[in-house]
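Reading through the structure tokens given below for one structure.
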Amino acid sequence: MSLSQVRDKLDEVDDKLHALLMERADLIEHIVAAKAEQGSMHAVFRPSREADIMRRLVENHRGVLPIMSLEHIWREIISSLTNAQTTYRVHLDGSADRLAMSELTRFYFGYAIEQQREIDPSAVLAAVDYSQVDLGVIGLEERAETPWWRGMGARDDGTNGPSIIARLPFLVVQDRPADLPAVVVAAQTAETEKPDICVYDVRWTGAIPGSLMHKGIEVLSFYRSFEGVDALLAVPGNISEQELATFFEAAEAAPDKLRYVGGYPAPLDLDDEFDSEADAVG
228 MSLSQVRDKL DEVDDKLHAL LMERADLIEH IVAAKAEQGS MHAVFRPSRE ADIMRRLVEN
288 HRGVLPIMSL EHIWREIISS LTNAQTTYRV HLDGSADRLA MSELTRFYFG YAIEQQREID
348 PSAVLAAVDY SQVDLGVIGL EERAETPWWR GMGARDDGTN GPSIIARLPF LVVQDRPADL
408 PAVVVAAQTA ETEKPDICVY DVRWTGAIPG SLMHKGIEVL SFYRSFEGVD ALLAVPGNIS
468 EQELATFFEA AEAAPDKLRY VGGYPAPLDL DDEFDSEADA VG
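Taken in order, the sequence shown gives residues 228 to 509; the numbers are from our numbering.
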């Protein structure tokens, strides 16, 4: 095939891609109409479905196109067409590194989505709670300046605050762009099933149990004060809240507070995937 023929073929592929993108956008209009009939226009965020799409694309991917480029292309498509269902903005945690946070949110939410920088995580939660349709992105620091996660989940007055719906980055690989550890929060989602990973606000007057890792539990962030320790824990979804409480009691570390504050699809660790494939071959 000559160079001219290759270029003609590329033009054909580009035209097909554009036609398919327009077809995808047309299908979104059908979704909007169906949701309007059901009265569920506000609940448009479906992190588990987005994760399933990305897992499928990664599994089928081949060739020279970088996997990060594939992820970014699909994030741009998904975010733009989600915005077609309901207009929303993304509130950014201003206490995180400004450049890293901007890179992360542009990578995952694209350039068409309006962004609003807030002073800190608590301000992000307040903005999301007020809007009911916006999203928030909060950076994860190992040791937090405040236990901001207390503002999520069920409140004492019977209302609910925002909850965690996703963790970023989704594709985990060494030296990737947009690698700031963060969580996405929302006031409501369209999710109906239990997430892969459940997140809890846990408080102790003593120390965090040292045996958490044995249960696959991850400390996303913690806050220490003279009163004790507040921790934001990521727990495998197959462990119930009652089983978690029993585990703490067995470790003689029953918490003073144990609250569910959200969950997210398990990120896809590409380094582990590649290592597993190498082991299988070798």
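Every residue, glycine too, gets a C-beta built ideally from N, C-alpha and C.
- In this structure glutamate 341 is exposed. Its beta-carbon is surrounded by fewer than 16 other beta-carbon atoms within 10 angstroms.
- Spanning the alpha carbons of aspartate 235 and glutamine 265 requires a straight line of approximately 46 Å.
- Take methionine 379, set aside five residues on each side of it, and the residues of its chain with a beta-carbon closer than 6 Å to its own are Gly388, Pro389, Ser390, Val488, in chain order.
- With three or more CB-CB distances shorter than 8 Å, the stretch 413-429 counts as touching the stretch 358-366.
- Note on geometry: alpha-carbon atoms of aspartate 241 and leucine 248 lie some 11 Å from one another.
- The beta carbons of serine 296 and glycine 337 sit no closer together than 7 Å.
- Relative to aspartate 457, the option among Val400, Ala409, Ile435 whose CA is nearest is Ile435.
- Glycine 366 and glutamate 476 have their alpha carbons spaced roughly 31 Å apart.
- In this structure the stretch 388-407 touches the stretch 480-495; the number of beta carbon pairs closer than 8 Å is three or more.
- Judged by beta-carbon spacing, glutamate 368 lies within the 7 Å limit of serine 448, meaning their Cβ atoms are closer than that value.
- For the stretch 231-301, the full-length alpha helix (DSSP H) segments reaching 4 residues or more read 274-287 along the chain.
- Under the three-state reduction of DSSP, valine 412 is assigned to strand.
- With respect to the 7 Å criterion, alanine 350 and leucine 407 are not classified as neighbours on the basis of their beta carbons.
- Across the set Ala339, Thr309, Ala472, the C-alpha of Thr309 shows the shortest separation from the C-alpha of leucine 254.
- Within the DSSP secondary-structure output, arginine 382 pairs in no beta bridge.
- A straight line joining the alpha-carbon of aspartate 347 with that of valine 410 spans about 14 Å.
- By the neighbour-count criterion, in which 16 or more other beta carbons inside 10 Å mark a residue as buried, glutamate 420 falls on the exposed side.
- In the DSSP assignment, glycine 489 is bridged to Ile391, Val426.
- As the crow flies, the alpha-carbon of glycine 490 is around 10 Å from that of proline 274.
- The DSSP-derived three-state label of glutamine 312 is helix.
- The bridge partners DSSP lists for serine 448 are Leu459.
- One thing to note: aspartate 384 has its Cβ no nearer than 7 Å to the Cβ of threonine 432.
- Between aspartate 428 and arginine 377 the beta-carbon gap is near 6 Å, inside 8 Å, which marks them as a contact.
- Under the three-state reduction of DSSP, leucine 367 is assigned to coil, being neither helix nor strand.
- Per DSSP, the beta-bridge partners of glutamine 343 are His318.
- With 16 or more other Cβ atoms from the protein chains shown falling within 10 Å of its own Cβ, histidine 318 counts as buried.
- When DSSP states are grouped into helix, strand and coil, leucine 407 belongs to the coil group.
- Valine 399 sits in a strand when the DSSP states are folded into three classes.
- Distance between isoleucine 424 and leucine 439, taken at the CA atoms: about 15 Å.
- If you ignore the 5 residues before and after glycine 437, its C-beta comes within less than 8 Å of no other C-beta in its own chain.
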